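All remarks here apply to the structure that follows.
Chains as they are written, first to last, in the working numbering: chain Z, 38 to 386; chain E, 38 to 386.
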């Protein structure tokens, strides 16, 4: 049984990009079609496209759209104007590694052509390659990860890591979808993932589409279910993985990892190697995006707290590698010591 | 400086009770005035009155209202009909100990009179005593607890435990308010406390009223701030404390306790001794209320998840005593071993 993904979160249309607006899900399936890289940048900032691999892909297509519109008399002029486009896309969200990896790849592609037309084509080709490789990586890592899932398992996950987040199979949810396809009976517990509810809105929607039984819980309930033996493993995605295995992911992931360890439940990270940042030695160096307090004080426009109250909104936290049982990548499953495993995988790349 | 509490969550009016509808806060201060014990029972079920001590007090006044309306020819008939009233009030919420303690106290009061009029008066007097003693206990425990707070501390708390939850000073928030009154500089981080947002709605409101700086966070952010050294101590209330110190409290408390321990931050429970249930040996025996999935899938009527998704909604969890640094009561601060400390305090009572 092969899973048919019936929705395309990001599509390249040759001179435009088509994005599924994830802020409108699950209520409405609305697509944004644009030829303007600034619209793509706004879509990333506002989480219309989110998920580390999907941000990288959308960002790459944003640069491709920018490249299509640059009128330049020379390769030098073209590259100078392209740098502005890349800078706008780079300024959208700071934490996920994939975006910066994609931009570096495009930067290199921009050095290869001899004419403006050639460079432009190289950039578009490179963006398409990024998309294809990220999607292929999720298929491979899902295959590896599915080996860690037993028939009858209940898996807790956080935020959203399915096709929406990757345009491929998914990372953490991809692993679960693949295990389900293999005929294993699996159940999912989905953390709602406040403040922006990617778990409630998107993971539940994707699990339903894949035919996998899902139970929604608030983030604060994860400990209860871990402690009472409901959960066989926890799997989440990642936004950036340091050279030592420390992993930045959606706020709340660190708590899950600590609670999993305390209760003897394995805790896995699933991510393509494009999420690994070998230049960053430990998680302490990963920049954490601080978002608007309004996302905490409001839900879908409804005020939850008294007027004027202060709120904090770190969008990610860092899970020290000691809490991570294994990291599932498209090049295999990495186990401790992570430094050596990550080095061997990233130096092959 | 003495804190002036300018709102009365529960008031006895002689033949009626007046309840501040906490589900409407912080948007509106709406009071329910009723002489019908069934209205009180519904208010407890629907969390219009909540907080373990406040549930006990409201429940007691509910029984008093019931007693006022019973027409009976004999004490025996009166007591038989009173048992129905008590049964309705007992059937509202299963976890908090204070309600059952209050009902046992009223049950005893009902045995003391020789005429219907006498019994009725005894019950009303007993309900007022329960109210006064719970309020007085919160003042005393706040005084003890404030000793654990240093000038400059930032305290993380969960759910709501201020005057709204107790009609007195509060338990966990009472401790913080008392430290603030003593002139200590204190700051509060308030978990929003999904699903029903007592932290966002009520703790922020009460902290603002008391003039204490408060920062609202989602429940999933607590680990981030504990891990990064923002928090000097965690204090929560309790709904039921077993003889060994295991403590049931609002869902999410267990996670905070584990995260506090992991990061070397003290974790305190603040509760009057009426919350202790010495007949319950360990936390495993505490009944956990399972509430409607709608509270998880919706916020204030707004749907958060795709239609038809399953959701779980345990309203409480149990924190094993090993994670608890101390239990703050009106009879002093109990430390490990809790079994001995709790025995000595409850046998004095």
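From the three backbone atoms N, C-alpha and C, an ideal C-beta is built for every residue, glycine too.
Remember, it's a predicted structure, so these values are computed and weren't measured experimentally.
*Are any of the Cβ atoms in chain E nearer than 9 Å to that of residue 261(Z)?*
At a cut-off of 9 Å between beta-carbon atoms, residue 261(Z) makes contact with chain E.
_I want to verify the contact list: residues of chain E whose CB lies under 8 Å from the CB of residue 348(Z), in sequence order._
Simply 252, 253 and 254.
*So is residue 14(Z) in contact with chain E if we call contact Cβ pairs under 9 Å?*
There is simply no residue 14(Z) to check, as chain Z begins at 38 and stops at 386 in what is shown.
*alpha helix (DSSP H) segment containing residue 76(Z), residue limits*: Run containing residue 76(Z): 74-82, per the alpha helix (DSSP H) assignment.
*Can you tell which of 314(Z), 306(Z) and 317(Z) has the C-alpha that lies nearest to the C-alpha of residue 362(Z)?*
Among 314(Z), 306(Z) and 317(Z), the Cα nearest to that of residue 362(Z) is on 306(Z).
*Tell whether a beta-carbon distance below 9 Å holds between residue 261(E) and residue 351(Z).*
Yes, they are a contact pair.
*If we ignore side chains and look at the alpha-carbon of each, how far apart do residue 182(E) and residue 224(E) end up?*
Cα-Cα distance, rounded: 15 Å.
*For a contact meaning CB atoms closer than 7 Å, what does residue 343(E) contact in chain Z?*
Neighbours of residue 343(E) in chain Z, taken as residues whose beta carbon is under 7 Å from its own, are 63, 241, 242 and 245 in chain order.
*Are there 16 or more other CB atoms within 10 angstroms of the CB of residue 142(E), so buried, or fewer, so exposed?*
Buried.
*DSSP three-state call for residue 193(Z): helix, strand or coil?*
Looking at residue 193(Z) - three-state DSSP - the assignment turns out to be strand.
*asked:* I'd like to confirm the pairing. Which residues does DSSP put opposite residue 351(E) in its beta bridges?
replied: DSSP, once it has assigned bridges, lists 327(E) as partnering residue 351(E).
*Which chain A residues sit within Cβ distance under 7 Å of residue 354(E)?*
This model lacks chain A altogether, as its protein chains are Z and E.
*Consider the Cβ of residue 44(E): report whether some Cβ of chain Z lies at a distance smaller than 9 Å.*
It does not: the Cβ of residue 44(E) has no partner Cβ on chain Z nearer than 9 Å.
_If I measure Cβ to Cβ from residue 162(E) and keep anything under 8 Å in the same chain, skipping five residues before and after, which residues do I get?_
A distance below 8 Å between beta-carbons, with the five flanking residues on each side excluded, links residue 162(E) to the following residues of its chain, in chain order: 146.
*Candidates 300(Z), 167(Z) and 87(Z): closest to residue 238(Z) by CA position*: Distances from the alpha-carbon of residue 238(Z) to those of 300(Z), 167(Z) and 87(Z) put 87(Z) closest.
_Ranges of the beta strand (DSSP E) found wholly within the segment 177-255 of chain E, counting only runs of at least 3_ = Complete beta strand (DSSP E) runs here, min 3: 191-194, 224-228 and 251-254.
_Residues of its chain near residue 386(E), where Cβ-Cβ distance is below 7 Å and the 5 sequence neighbours each way are ignored_ = For residue 386(E), the pLDDT reaches just 44, beneath the cut-off of 50, and the residue's location in the model is therefore unreliable, although a value from the coordinates is still provided. If we look at residue 386(E) and ignore the five residues flanking it on each side, its Cβ neighbours are 310.
*Own chain, CB closer than 7 Å to residue 318(E), minus 5 neighbours either side, in chain order*: Here the set comprises 279, 280 and 281.
*Whose C-beta lies closer than 7 Å to the C-beta of residue 298(E) among residues of the same chain, with five residues either side of it excluded?*
The answer, listed in chain order, is 304 and 360.
*May I ask which residues mark the beginning and end of the beta strand (DSSP E) holding residue 118(E)?*
Per DSSP, residue 118(E) belongs to no beta strand (DSSP E); it is in the alpha helix (DSSP H), 112-127.
*Mind reading off the beta-carbon distance from residue 256(E) to residue 229(E)? Whole number of angstroms is fine, and I expect it under 8 Å.*
Confirmed, about 6 Å.
*Locate the alpha helix (DSSP H) running through residue 152(E), then write down its first and last residues.*
First-last for residue 152(E): undefined, no H or E at that position.
*Can you tell me the Cβ-Cβ gap for residue 195(Z) and residue 289(Z), rounded? I've got them flagged as a contact below 8 Å.*
Rounded, the Cβ-Cβ distance is 6 Å, consistent with contact.
_Going by the DSSP bridge assignment, what does residue 335(E) pair with across the sheet?_
Answer is 340(E).
*Could you work out which residues of chain Z lie near residue 339(E), taking near to mean beta carbons separated by less than 7 Å?*
Under the 7 Å cutoff, chain Z gives 336, 337 and 339.
*Helix, strand or coil at residue 65(E) according to DSSP, with G and I counted as helix*: Residue 65(E) carries a coil assignment under DSSP once its states are collapsed to helix, strand and coil.
*Using 10 angstroms around the beta-carbon of residue 380(Z), count the other beta-carbons present and answer buried if the total reaches 16, otherwise exposed.*
Residue environment for residue 380(Z): exposed (fewer than 16 other C-beta atoms within 10 angstroms of its C-beta).
*asked:* In whole angstroms, give me the CA-to-CA distance for residue 243(E) and residue 213(E).
replied: Distance between the alpha carbons of residue 243(E) and residue 213(E): 11 Å.
*Using a Cβ-Cβ cut-off of 7 Å (strictly less than) and excluding sequence neighbours within five positions of residue 135(Z), which residues of its own chain qualify?*
Counting only Cβ-Cβ distances below 7 Å, and skipping sequence neighbours, we find 89, 90, 92, 93, 311 and 312.
*Whose Cβ in chain Z lies nearer than 7 Å to the Cβ of residue 264(E)?*
Neighbours of residue 264(E) on chain Z, chain order: 291.
*Just the Cα atoms here: how many angstroms apart are residue 329(E) and residue 129(E)?*
Rounded to the nearest angstrom, the two C-alpha atoms are 14 Å apart.
*If you pair each beta-carbon of the segment 197-209 of chain Z with each one of the segment 109-128 of chain Z, do three or more pairs fall below 8 Å?*
With the rule of 3 Cβ pairs closer than 8 Å, the segment 197-209 of chain Z does not count as touching the segment 109-128 of chain Z.
_Any beta carbon of chain E sitting closer than 9 Å to that of residue 299(Z)?_
For residue 299(Z), the answer is yes, since a Cβ of chain E falls inside 9 Å of its Cβ.
*Could you tell me whether the segment 328-348 of chain E touches the segment 262-269 of chain E, where touching means 3 or more Cβ pairs closer than 8 Å?*
The segment 328-348 of chain E is not in contact with the segment 262-269 of chain E.
_To the nearest angstrom, how far is the alpha carbon of residue 164(Z) from that of residue 235(Z)?_
Their backbone Cα atoms lie some 26 Å apart in a straight line.
*Find the nearest neighbour of residue 45(Z) within the set 168(Z), 110(Z), 314(Z) and 201(Z), judged by alpha-carbon distance.*
Of 168(Z), 110(Z), 314(Z) and 201(Z), the residue nearest in Cα terms is 201(Z).
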